[in-house]
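*Asks:* Sequence order for the protein chains is A and B. If you're matching positions, the first sequence starts at 1 in the numbering used here and goes up one per residue. If you're matching positions, the second sequence starts at 328 in the numbering used here and goes up one per residue.
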Amino acid sequence: MQTVLELRALSKHFPTHRAVDGVSFAIGRGEFFSLVGPSGCGKTTTLRLIAGFEEPTSGQLLLDGHSVEGLPAYRRDVSTVFQNYALFPHLTVAQNVAFGLARRAQNGKPAIAGKIAKALELVHLSGKEARLPNQISGGERQRVALARSLVLEPKVLLLDEPLSALDAKLRKEMRQELKNLQRTIGIAFLFVTHDQEEALSLSDRVAIMHRGLLEQVGTPQAVYRTPKTRFVAEFLGDVNWLEGAGVRPEAVRISRTAPVSAERATAAVVEGQTFLGNCVHLSAKLENGSACVVEMAQQECDFQPGERIYLWWQKADEFRVPNEAAA
Amino acid sequence: MKLRTVFLAPGSIVMLGLFFLPLLIVLAYSFLSRGAYGGVTLPWTAESYSRIFDPLYLAILWRSVWIAAVSTALCLVLAFPLALYIARAGARKTLLLNLVMLPFWTSFLIRTYAWMFLLRDTGLVNTLLQSLHVISAPMPLLFNTGAVILGLVYGYLPFMVLPLYATLEKLDPALLDAAADLGASPAVAIWRVVVPISRPGMIAGCLLVFIPCLGAYLTPDLMGGGKTVMIGNLVQNQFTTARDWPFGAAISLLLMAMVLLVMRALGDKGEELL
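#1: Quick one: what's R363/A bridged to in DSSP?
#2: I need the boundaries of the beta strand (DSSP E) containing K554/B, first residue and last residue.
#3: In whole angstroms, what separates the C-alpha of L200/A from that of L159/A?
#4: With respect to the beta strand (DSSP E) encompassing E6/A, which residues constitute its N-terminal and C-terminal limits?
#5: Determine the extent of the beta strand (DSSP E) in which R205/A is found, giving its start and end residues.
#6: Can you have a look at Q2/A and say buried or exposed, based on whether 16 or more other CB atoms are within 10 angstroms of its CB?
#7: Ends of the beta strand (DSSP E) at W432/B?
#8: For a test of the three-state rule: what should DSSP assign to R320/A, helix, strand or coil?
#9: Decide if the stretch 404-423 of chain B is in contact with the stretch 388-395 of chain B; the criterion is three or more beta carbon pairs, one per stretch, under 8 Å apart.
#10: Report the rounded CA-to-CA distance for T555/B versus E374/B, giving the unit in angstroms.
#11: Quick one: is N84/A near chain B, going by C-beta distance under 8 Å?
#12: Below 7 Å between beta carbons is the criterion; list the residues of the stretch 532-547 of chain B that meet it against any residue of chain A, in chain order.
#13: Under three-state DSSP, which class holds R378/B?
#14: Below 7 Å CB to CB, which residues in the same chain sit around A474/B once its five sequence neighbours on both sides are set aside?
#15: Is it a yes or a no for the stretch 186-206 of chain A touching the stretch 9-21 of chain A, going by three-plus beta-carbon pairs under 8 Å?
#16: So for F88/A, helix, strand or coil by DSSP?
#17: Mark W395/B as exposed unless 16 or more other C-beta atoms lie within 10 angstroms of its C-beta, in which case mark it buried.
#18: What is the DSSP secondary structure of H124/A, reduced to helix, strand or coil?
#19: Does any residue of chain B have a CB that is nearer than 8 Å to the CB of H66/A?
#20: Give every residue of the same chain whose Cβ lies closer than 7 Å to the Cβ of P56/A, excluding the five residues on either side of it in the sequence, and list them in chain order.
#21: Step through the CB atoms of chain A and report whether any lies within less than 8 Å of the CB of I413/B.
#22: Can you tell me which of the three DSSP states L601/B falls into?
#23: Quick one: residues in its chain with C-beta nearer than 7 Å to the C-beta of V270/A, no 5 flanking neighbours on either side, listed in chain order?
#24: Does the distance from the CB of V367/B to the CB of S377/B come in under 8 Å?
#25: Residues of chain A with CB closer than 9 Å to the CB of V515/B, please, in chain order.
#26: Applying a beta-carbon distance threshold of less than 7 Å, which residues of chain B neighbour G100/A?
#27: Please state whether DSSP places R248/A in a helix, a strand or coil.
#28: So is I379/B in contact with chain A if we call contact Cβ pairs under 8 Å?
#29: What residues in its chain sit with their C-beta under 7 Å from that of T546/B, if we drop five residues either side in the sequence?
#30: Could you please tell me which residues of the stretch 135-150 of chain A, in chain order, have their CB closer than 9 Å to any CB of chain B?
#31: Helix or strand or just coil, what does DSSP make of V36/A?
#32: Spell out the partners DSSP gives A284/A in its beta bridges.
#33: Go through its chain and collect everything with a Cβ distance to R131/A's Cβ below 7 Å, but skip five positions before and after it.
#34: Taking DSSP as the reference, what is the three-state secondary structure of A569/B?
#35: Tell me whether I27/A sits in a helix, a strand or coil according to DSSP, three-state version.
#36: Taking the straight line between their C-alpha atoms, what separation do you get for L180/A and Q314/A?
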């Protein structure tokens, strides 16, 4: 895959802390790439460095192989969808979408009108051209922000927590739509989120950041199944730390009799269960005192607290992280 | 008595007794004839109003309007960048705002005299430039229309800065990022985003500056040396030296009508302030 954006040891140091500290990764053409981490991990600062709103302390940023050092935000061929959309309140939907196009000299008026219509159609907003941002819903504002950026056909679209201002149901709908949109237009997306589920479900690849450092980059499956650090393992989902290895709750099996062919098995006592809607989390205590959570379907869960059981899993389902991190 | 009535009463009484009734008196005076030693006498007449159309007085009206307009425009041009700077100054905002309001700590009269002291022929500016041999004779800095405009701009600049600051302070900084992100240089971003969004503040500021400038009396009198006569000076003159109270009253009401017209013209924002 051809690289469209590359970060080389990019750093942004503030007097009190290192917001971004030597971050390197590359995004391929047409890739859906997510930058995920808790708030304050440096993901938004990274995005702002790429957009050109902040100057890096050190490191390089290459767009299509060319350094963008010293290039102001308004000359960079990337575009941002802001967390609160940052739509111009005094301009209509169509005027918002036209804003960036009008800044480019090569666009004649008829060309602009055509592009606006196409962009609004792409995000299903045809017919709302004349509305002002405060006359449309949150989801629609989100779409305007998308159209406003996409109409410029940037090399990379930067999305800063674009779904966080929407309610849960709309968020899930928009998630799918965003994914479809990205597939259709083929522009590389750099998606910043603190929601690991969002990152895992949308992305071709995910980068996990923690305290300004890049912890791991990989496909959603890879980072989830074989996290390289304890932080990544615990940020992306629940983990049972058993005998120095990590096992996801859904990889752990449970039985009343000792399993015959299991690669890993241990005896335990049922402690209780938590109903989560689509599944049940059963908690158990191992003989060595460590706790383990097992994810299972509601109808399979007929275990009572205090019951003696066996827990088992496959070797392939466990992962190890560096020693200092292991429980 | 209802609480509402109790609360409204003091203000209403003051407005009625000290504003509305005197206004009616002014209205009545404007339709009476002048007394020999000031004051008014019968018969009723509209002669004072027809005298306004004398070219001499029309010239004064016109001068007042353009001086007020130029002063307002200069205030806007000076105040906008200042207000934008203060709005984005972070922790120093309060300090800077206090500096803007600092002149209000002394009387406008004293500050005007201070300007005269600076600008007169033997004032600080002229003596300094002469001693540096930049100029050989004093420049006419005082007692002309330029001095009046300077005085008005100086006096009313804070009234432009404050409403502008209020709107600019609420401006989401992300909008500037968004403008840059969409290819707008800082200048374009200010012109296409900041200026249109801060329009209400601009209108409020323009009204707050234009209205008092239009009726200015002290500044043209002192800084203009009585040579740049504006409506305010004309009114004063009619009630004192000229002893023509009806005409003075008519011009006062005309000034009021002009102010109302300006507020009307500036639309909704003006009505809000009314």
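Positions of the beta carbon are idealized from the N, C-alpha and C atoms, including for glycine. Please read these numbers as outputs of a predicted model, since none were measured by experiment.
*Replies:* Walking through what the data contain:
#1: Beyond the ends of chain A as shown, which are 1 and 327, falls residue 363/A; an answer cannot be given.
#2: Here residue 554/B refers to the residue found at position 227 when the second sequence is read from its first residue. No beta strand (DSSP E) holds K554/B; DSSP gives it neither H nor E.
#3: Position 200 of the first sequence, counted from the first residue, corresponds to residue 200/A. Position 159 of the first sequence, counted from the first residue, corresponds to residue 159/A. Looking at the two C-alpha atoms, the distance is approximately 15 Å.
#4: Here residue 6/A refers to the residue found at position 6 when the first sequence is read from its first residue. Where E6/A is concerned, the enclosing beta strand (DSSP E) starts and stops at 3-13.
#5: One-based indexing of the first sequence puts residue 205/A at position 205. Start and end: 205-210.
#6: As a first step, residue 2/A must be located in the first sequence, where it is residue number 2. Using a 10 angstroms sphere on the CB of Q2/A, the tally of other CB atoms stays under 16, which defines it as exposed.
#7: Sequence index remark: in the second sequence, residue 432/B carries index 105 (1-based). First-last for W432/B: undefined, no H or E at that position.
#8: Your numbering for residue 320/A matches position 320 in the first sequence. If DSSP states are grouped into helix, strand and coil, R320/A belongs with coil.
#9: Segments in contact, no.
#10: Translated into the one-based positions of the second sequence, residue 555/B becomes position 228. Translated into the one-based positions of the second sequence, residue 374/B becomes position 47. So the two alpha carbons sit approximately 26 Å from each other.
#11: Position 84 of the first sequence, counting from 1, holds the residue named residue 84/A. Answer yes: the Cβ-Cβ gap between N84/A and chain B drops below 8 Å somewhere.
#12: none
#13: Counted from its first residue, the second sequence places residue 378/B at position 51. Three-state result, R378/B: helix.
#14: The residue given as residue 474/B occupies position 147 in the second sequence. Taken in chain order, the residues that qualify are L446, L468, M550, G551.
#15: no
#16: The residue given as residue 88/A occupies position 88 in the first sequence. In this structure, F88/A counts as coil in the three-state DSSP scheme.
#17: Locating residue 395/B in the second sequence gives position 68, counting from the first residue. Contrary to the premise, residue 395/B reads as Ala rather than Trp in this sequence. The residue in question, A395/B, is buried, as its Cβ has 16 or more Cβ neighbours within 10 Å.
#18: Numbered from its first residue, the first sequence carries residue 124/A at position 124. H124/A: coil per DSSP, three-state reduction.
#19: Numbered from 1 along the first sequence, position 66 holds the residue referred to as residue 66/A. So, not an interface residue.
#20: As a working mapping, residue 56/A is identified with position 56 in the first sequence. Hits under 7 Å: L10, S11, K12, L49.
#21: Walking along the second sequence from the start, residue 413/B turns up at place 86. By this cut-off, I413/B is not an interface position.
#22: On the second sequence, residue 601/B is found 274 positions in, with the first residue counted as 1. Residue placement at L601/B is poorly supported in this model, since its pLDDT is 43, which falls under 50; the coordinates still yield a value, given next. Coil at L601/B, not helix or strand.
#23: Residue mapping note: residue 270/A aligns to position 270 of the first sequence, counting from 1. Counting only Cβ-Cβ distances below 7 Å, and skipping sequence neighbours, we find L282, A284, F303, Q304, P305, G306, E307, I309.
#24: As a position in the second sequence, residue 367/B is number 40, starting the count at 1. As a position in the second sequence, residue 377/B is number 50, starting the count at 1. Contact: no.
#25: Here residue 515/B refers to the residue found at position 188 of the second sequence. Under the 9 Å cutoff, chain A gives Y74, R103.
#26: Counting from one through the first sequence, the residue named residue 100/A turns up at place 100. Within 7 Å Cβ-Cβ: L509, G510.
#27: Translated into the one-based positions of the first sequence, residue 248/A becomes position 248. Three-state result, R248/A: coil.
#28: Sequence index remark: in the second sequence, residue 379/B carries index 52 (1-based). No, its Cβ sits nowhere closer than 8 Å to a Cβ of chain A.
#29: Numbered from 1 along the second sequence, position 219 holds the residue referred to as residue 546/B. T439, V475, G478, L479, G482, listed in sequence order.
#30: A145, R148, S149
#31: As a working note, residue 36/A is residue 36 in the first sequence. Strand, per DSSP.
#32: Sequence index remark: in the first sequence, residue 284/A carries index 284 (1-based). For A284/A, which the question treats as bridged, DSSP gives the partners V270/A, C292/A.
#33: Locating residue 131/A in the first sequence gives position 131, counting from the first residue. T92, V93, listed in sequence order.
#34: Residue numbering aside, residue 569/B sits at position 242 when the second sequence is read from its first letter. Coil, per DSSP.
#35: Position 27 of the first sequence, counted from the first residue, corresponds to residue 27/A. It is a strand residue.
#36: Start at 1 with the first residue of the first sequence, and residue 180/A comes out as number 180. Start at 1 with the first residue of the first sequence, and residue 314/A comes out as number 314. The question names Leu, but residue 180/A is Asn in the sequence shown. Whole-angstrom Cα-Cα distance: 35 Å.
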